[in-house]
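Engineer:
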Amino acid sequence: MAELRELARFVHDLTWEELPESVRQTAVLRVLDLVSVSMGAVNDGLARTALDSYRQRSGTGPCSVWGMDQLLPMAEAARVNAMLAHTLELDDVHTASKTHGSASIIPAAWACGEYLGSTGREFLLAAICGYEVTARIGMALGVAAHRKKGWHATATCGVFGCAAAAAKLLGLTVDETVSALGMAGTQSAGLWAFLGDGASCKVLHTAHAAACGLDAAFLAGAGMTGPEHILEAGDGGLLAAMSDCHDLSRVSAGLGETWEILNMDVKPYPCCRSAHCAVDCALALRNRVEPEKIESIFIKTYQVGYRQCAVSEGCRNPRTPLDAKFSTPYAVAAAFLEGKVTMDEFAPERVLRADIQELLHKVRVQEDEKFTGEYPKHWGCAMEVETADGRTLRTEVRDASGSVMNPLSPEQMAAKAENFIGIARPGREREVMRSVMELPEAGRLPRL
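When the letters of the sequence shown are read in order and numbered with this note's numbering, they come out as residues 189 to 636.
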């Protein structure tokens with residue numbers, strides 16, 4: 189059986205009753221985390237511009253935009269929610285595939301579920317299917333090899349998960365689900381070129397994945413067919429086109445036994461995950477040195493993290509919030525100076541503040557074979573700080589805060605959710621949280 193067909197059969201056959209309780213509970217928590225950080229972005233100018241554009245072109249519909257009291261057609265609602273989800277750089281990440289699957293899977297499944305009148309349990313089951321599919325496509329592509337060719341795995345792999353989730357909600361047959369996944373693969377796209385000049389279109393990647401996944405599933409249900417061998421085809425196979433080090437067997441490995449949704453890192457800092465280990469290092473050393481006494485900061489990290497957060501002009505000389513969110517030097521400087529890395533540290537006026545700009549230019553980042561060899565199982569780094577009084581301070585973080593190996597506490601996760609929901613729904617934080625936590629028993633998806 190072709191690997192894509194194995195995925196399709198898994199999606200078709202999976203039932204709520206056979207899910208481990210840990211998977212059910214984790215799915216609810218993933219939704220709460222994703223919905224909350226999406227609501228935290230409702231005042232973002234780019235997100236509101238996108239909403240206005242879709243509303244003007246497509247009109248209203250039956251599906252909601254979280255925290256905005258707006259209704260759009262299904263695909264447009266999925267797009268806007270997916271943009272919101274990816275805006276603050278706080279959406280969770282599956283490290284073994286380097287995918288932020290939640291940011292497209294949950295918006296796509298939610299919009300589809302609203303359109304179809306699905307129950308909360310049906311929505312959650314579909315989302316779980318999406319997680320398992322997205323993660324396995326990403327692992328098959330090979331994290332480092334796929335990234336080094338310039339592809340953004342959140343988008344290229346996320347479209348498969350969105351198609352799988354929609355296929356489950358639509359009740360497609362195995363053959364139809366194969367076609368949906370095949371059509372998702374032929375629409376797989378998303379490149380890291382935005383990082384070079386600070387373009388703001390990264391959120392379009394999750395939006396595209398969500399909408400194209402929905403299209404693939406609905407068209408498959410209507411009779412359009414997609415290539416079953418989209419992954420391994422000799423002419424136009426996705427794995428060979430997108431990676432020099434791929435492994436087709438990983439697509440179906442451990443299906444129904446190893447649940448990749450349990451392997452999601454939760455982000456405590458609103459910046460690229462590859463900078464989080466350095467933030468943890470800085471916060472660990474901060475009490476041992478006054479920022480004005482720092483002469484130099486030297487960081488060793490894995491190749492992908494170095495390439496993504498230390499090489500471009502925006503990384504080295506950040507001038508905008510988007511630059512800063514993908515700059516290890518900036519995140520480290522903010523951590524030393526403020527003792528925290530929150531949304532406040534990425535305000536436009538804060539990015540250009542003289543003391544942060546001065547300190548970030550004392551930071552040097554280098555790729556290190558040790559950390560590269562441990563990636564993607566561990567996203568770690570080491571930091572060495574030289575002080576004006578001749579001291580050398582050192583620390584190392586193998587697994588950043590919020591990782592599966594170093595998880596946030598339930599209290600930290602609840603506080604994060606409540607904080608960001610409050611931006612969209614002040615005074616109603618607990619009500620929204622309760623609505624999400626009660627999804628397994630909900631007769632329909634709540635309006636948030």
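Here a beta-carbon is modelled for each residue, glycine too, at the ideal position from N, C-alpha and C.
Predicted, not measured: the structure shown is a model, and the values here were computed from it.
Please go through the same chain and pick out, in chain order, the residues whose beta-carbon is closer than 6 Å to the beta-carbon of Ser623, but skip the five residues on each side of it.
Structural biologist: Here the set comprises Pro634.
Engineer: Do you know how far the Cα of Glu480 is from the Cα of Gly578?
Structural biologist: Distance between the alpha carbons of Gly578 and Glu480: 14 Å.
Engineer: When DSSP labels each residue in this structure, what does Ala630 get in the three-state scheme?
Structural biologist: Correct three-state label for Ala630: coil.
Engineer: Report the residue from Leu427, Arg212, Ser376 whose alpha carbon sits nearest the alpha carbon of Leu402.
Structural biologist: Here the closest residue by C-alpha is Ser376.
Engineer: Runs of 3 residues minimum, wholly inside the region 458-508: which ones carry the beta strand (DSSP E) assignment?
Structural biologist: Qualifying beta strand (DSSP E) stretches, in chain order: 482-489.
Engineer: Quick one: any contact between the region 538-556 and the region 435-443, if contact means 3 or more CB pairs under 8 Å?
Structural biologist: At 8 Å Cβ cutoff, the stretches do not touch.
Engineer: Of all the options Arg586, Glu619, Ala588, which has the alpha carbon lying nearest to the alpha carbon of Ala602?
Structural biologist: Closest by alpha carbon: Glu619.
Engineer: Does the region 285-300 come close enough to the region 412-430 that 3 or more CB-CB pairs lie under 8 Å?
Structural biologist: Counting Cβ pairs under 8 Å, fewer than three are found: no touch.
Engineer: If you compare alpha carbons, which of Met593, Val573, Met430 is closest to Ala332?
Structural biologist: Minimum Cα distance to Ala332 is reached at Met430.
Engineer: Select from Lys356, Ala570, Glu302 the residue whose C-alpha is nearest the C-alpha of Leu369.
Structural biologist: It is Lys356 whose Cα lies nearest to the Cα of Leu369.
Engineer: On the CB-based measure, 16 or more other CB atoms within 10 Å of its CB, does Pro614 come out buried or exposed?
Structural biologist: It is exposed - the Cβ of Pro614 has fewer than 16 other Cβ atoms within 10 Å.
Engineer: Counting beta carbon pairs with one atom in the region 338-347 and one in the region 232-251, are three or more of them shorter than 8 Å?
Structural biologist: No: fewer than three Cβ pairs fall under 8 Å.
Engineer: May I ask which residues mark the beginning and end of the beta strand (DSSP E) holding Cys251?
Structural biologist: Its beta strand (DSSP E) spans residues 251-253.
Engineer: Skipping 5 residues on each side, what residues in its chain have a beta carbon closer than 6 Å to that of Ala351?
Structural biologist: Cβ within range, chain order: Ala368, Leu369, Ala372, Gly401, Ala404, Ala405.
Engineer: With DSSP run on the structure shown, which of helix, strand or coil describes Thr413?
Structural biologist: Note: Thr413 maps to coil in three-state DSSP.
Engineer: Identify, in the order they occur along the chain, each residue of the same chain with its Cβ nearer than 7 Å to the Cβ of Gly631, setting aside the five sequence neighbours on each side.
Structural biologist: Within the same chain, Gly631 has close Cβ partners Thr307.
Engineer: For Ala441, which of helix, strand or coil comes out of DSSP?
Structural biologist: It is coil, neither helix nor strand.
Engineer: Looking at C-beta atoms only, is the number of pairs between the region 560-577 and the region 251-265 that lie closer than 8 Å three or more?
Structural biologist: Counting Cβ pairs under 8 Å, fewer than three are found: no touch.
Engineer: Along the chain, where does the beta strand (DSSP E) containing Glu159 start, and where does it finish?
Structural biologist: Shown here, the chain extends from 189 to 636; a query on residue 159 therefore has no answer.
Engineer: Check each candidate in Val268, Ala215, Pro517 and name the one with the smallest Cα separation from Asp240.
Structural biologist: If we check each option's Cα against that of Asp240, Val268 comes out closest.
Engineer: With 16 other CB atoms within 10 Å as the buried threshold, where does Gly378 fall?
Structural biologist: With 16 or more Cβ atoms within 10 Å of its Cβ, Gly378 is classed as buried.
Engineer: Quick check on this structure: which residue in Ile485, Met452, Pro509, Ala542 has the alpha carbon closest to the alpha carbon of Val216?
Structural biologist: The shortest Cα separation from Val216 among Ile485, Met452, Pro509, Ala542 belongs to Met452.
Engineer: Output yes or no for whether 7 Å exceeds the beta carbon distance between Thr394 and Ala270.
Structural biologist: Yes. Within cutoff.
Engineer: Please state whether DSSP places Ala229 in a helix, a strand or coil.
Structural biologist: Residue state, collapsed to three classes: coil.
Engineer: Where does Ala421 fall in DSSP's three states?
Structural biologist: In this structure, Ala421 counts as coil in the three-state DSSP scheme.
Engineer: Any heavy atom of the ligand ADP within a distance shorter than 6 Å of the CB on Leu427?
Structural biologist: Absence of the ligand ADP from the depicted structure is noted, as is the absence of any ligand whatsoever, leaving it without description.
Engineer: Run through DSSP, which three-state label would Leu282 get?
Structural biologist: Looking at the sequence shown, residue 282 is not Leu but His. Strand.
Engineer: In angstroms, rounded to a whole number, what distance separates the CA positions of Thr365 and Leu195?
Structural biologist: If I take the Cα positions, the gap works out to 9 Å.
Engineer: Beta-carbon separation of Ala523 and Val529 under 7 Å?
Structural biologist: Yes, they are a contact pair.
Engineer: Determine the contact status of Phe486 and Cys503, defining contact as a CB-CB distance below 7 Å.
Structural biologist: No, they are not a contact pair.
Engineer: Report the residue from Tyr242, Arg324, Leu207, Gly255 whose alpha carbon sits nearest the alpha carbon of Ala229.
Structural biologist: It is Gly255.
Engineer: Do Val467 and Ala519 have their beta-carbon atoms positioned less than 7 Å apart in this structure?
Structural biologist: In this structure, Val467 lies closer than 7 Å to Ala519 by Cβ.
Engineer: State the beta-bridge partners of Ala314 as determined by DSSP.
Structural biologist: According to DSSP, which records beta bridges pairwise, Ala314 is partnered with nothing at all.
Engineer: Start and end of the beta strand (DSSP E) containing Gln258?
Structural biologist: Per DSSP, Gln258 belongs to the beta strand (DSSP E) from 258-260.
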